[in-house]
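The sequence shown begins at 1 in full-length UniProt numbering and counts up one residue at a time.
C-beta: ideal position from N, C-alpha, C; glycine also.
Okay, structure first, notes after.
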Amino acid sequence: MSTLTTPDRPPVRAWLPTMLTLAAIWGCSFLFISVGVRELHPMYLALGRVLCGSLALLVILAIKRESLPREPRIWAHTFVLGAIGSAIPWTLFGYGEQRVPSLLAGIWNGITPLIVLPVAVLVFRTEKFTVQRVLGLLVGFAGMMVVLGAWNLEGGADLTGQLLCMTAAFFYGIAVPYQKKFVAGSQLSGTALSAGLLLCATVQLAVVAPIVTGTAPPAPWSLSAEVIGSVVALGALGSGIAFVLSLRNIRLIGASMASMVTYLMPIFAIAVGVAVLDEHLTWYQPVGALIVLTGVAVSQGVLRSFRLRRPKTPLPVEATPVP
1 MSTLTTPDRP
11 PVRAWLPTML
21 TLAAIWGCSF
31 LFISVGVREL
41 HPMYLALGRV
51 LCGSLALLVI
61 LAIKRESLPR
71 EPRIWAHTFV
81 LGAIGSAIPW
91 TLFGYGEQRV
101 PSLLAGIWNG
111 ITPLIVLPVA
121 VLVFRTEKFT
131 VQRVLGLLVG
141 FAGMMVVLGA
151 WNLEGGADLT
161 GQLLCMTAAF
171 FYGIAVPYQK
181 KFVAGSQLSG
191 TALSAGLLLC
201 ATVQLAVVAP
211 IVTGTAPPAP
221 WSLSAEVIGS
231 VVALGALGSG
241 IAFVLSLRNI
251 RLIGASMASM
261 VTYLMPIFAI
271 AVGVAVLDEH
281 LTWYQPVGAL
291 IVLTGVAVSQ
301 GVLRSFRLRR
311 PKTPLPVEAT
321 PVP
């Protein structure tokens, strides 16, 4: 990925509608997962998603007349990213949503930035700890315990489902610094890199899913229209078109500002879960989500940036994890 600059920040009307659209698409992904696992094994739901996403991005590459990665080194890292950034977390979210509401999965997705920082510092050594970042991590961890309802744990499906969603977010947190260390320096466009990533994830799941499930994938005509629509929406919208919209916002306002979509996604996940699936929240889940997002804001320096009104500087392009 290349480094882009935003010397003159465009007006809000140029990027806010796109950001809201992205938040809606990615926030609704948890609704589509919840619908999909009604008839599909989580691994086959993830397979359908990466397949549809691959096809969507290949079409976009053809329109833009861009090619897939050619370097073996990039493909090797893309293969790893396909597993830890797509195949594994998307499967885990599917397993998790067999046990917990979609809105709760959406809340757990919000902890991803809290995982990115310690992994980047301790494993990949691409970042450094500061007092502010450590404080943000502590606040975010406290919020995670509130969302989990740590004082009232009794085990069972709910706890298992939450832990599965939490683990999915952990894999996102590993994928982002991995990509930054091993892939971000290449000259590939984000669309080409993501297409390669999804193709690798498609191959991985096509091989592993029949072994794990012990069955062949169901015929498309045996599925309901709602499930088929959910798979297409997860792939073509959430993993295809949404990525192009995300790149547009990164070019307009920079990666730091564009990453603010992370704060909006849980709102949409909760709203559609309640409105469409008639799901319910306990009081501590939204409270915990707010604490988590506060911790994310502190660790990323968002609050301090708004207070000091820093001058505009070149901003690096980084990936936002796709839920």
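LEU117 is the residue among VAL37, LEU117, MET257 whose C-alpha sits nearest the C-alpha of ALA169. TYR95 and SER230 have their alpha carbons spaced roughly 16 angstroms apart. Remark: C-beta atoms of CYS28 and VAL261 do not approach each other more closely than 7 angstroms. About 6 angstroms separates the beta carbon of ALA142 from that of ILE291, a gap short enough to meet the 8 angstroms contact definition.
Just so you know, the alpha carbons of LEU135 and VAL35 end up roughly 38 angstroms apart.
Per DSSP, ARG99 is not a residue of any alpha helix (DSSP H), being assigned neither H nor E. Secondary structure at GLU66: coil, using DSSP grouped into helix, strand and coil. In this structure, PRO89 places its C-beta atom within 7 angstroms of the C-beta atom of PHE171.
Inclusion of VAL139 and VAL298 in the CB contact set at 7 angstroms is warranted, their separation being smaller than that value.
Closest in C-alpha terms to THR213, from the list LEU22, TRP15, PRO42, comes PRO42.
DSSP places GLU71 outside both helix and strand once states are collapsed to three, so it counts as coil. With respect to the C-alpha of ALA184, the residue from LEU16, LEU51, LEU45, ARG73 having the closest C-alpha is ARG73. In the structure shown, GLN187 falls within a coil segment according to DSSP collapsed to helix, strand and coil.
Annotated three-state conformation of ASP278 is coil, per DSSP.
Proximity to GLY106 across ALA201, MET19, ALA23 peaks at ALA23, based on C-alpha coordinates.
Counting along the chain, the unbroken alpha helix (DSSP H) around ARG13 starts and ends at 12-36. Assignment of ARG125 by DSSP, reduced to helix, strand and coil, places it in the coil class. Between GLY161 and VAL100, the C-beta spacing is below 7 angstroms.
Between GLY82 and the set PHE268, LEU199, ARG248, the nearest pair of CA atoms involves LEU199. Minimum Cα-Cα distance from LEU40 among the listed residues ARG251, GLN132, THR215 corresponds to THR215.
Going by DSSP, GLU39 is part of no alpha helix (DSSP H) at all; its letter is neither H nor E. Contact between ALA120 and PRO177 holds, with the beta-carbon distance rounding to 4 angstroms and staying under 8 angstroms. Of all alpha-carbon atoms in MET19, VAL50, PHE30, the one lying nearest the alpha-carbon of ALA209 is that of VAL50. In terms of CA proximity to ALA233, LEU31 leads the group VAL12, LEU31, MET19, ALA14. The Cβ atoms of PRO69 and VAL296 lie no closer than 7 angstroms to each other. The shortest C-alpha to C-alpha distance from PRO10 to any of ALA275, VAL276, ASN249 is the one to ASN249.
Between ILE25 and LEU103, the alpha-carbon positions lie close to 14 angstroms from each other.
With respect to the 7 angstroms criterion, HIS77 and PHE243 are not classified as neighbours on the basis of their beta carbons. For the options TRP221, PHE129, LEU264, the alpha carbon positioned closest to that of ASN109 is the one of LEU264. Per DSSP, the unbroken alpha helix (DSSP H) holding GLY229 starts and ends at 225-232. Per DSSP, reduced to three states, the secondary structure at ALA76 is helical.
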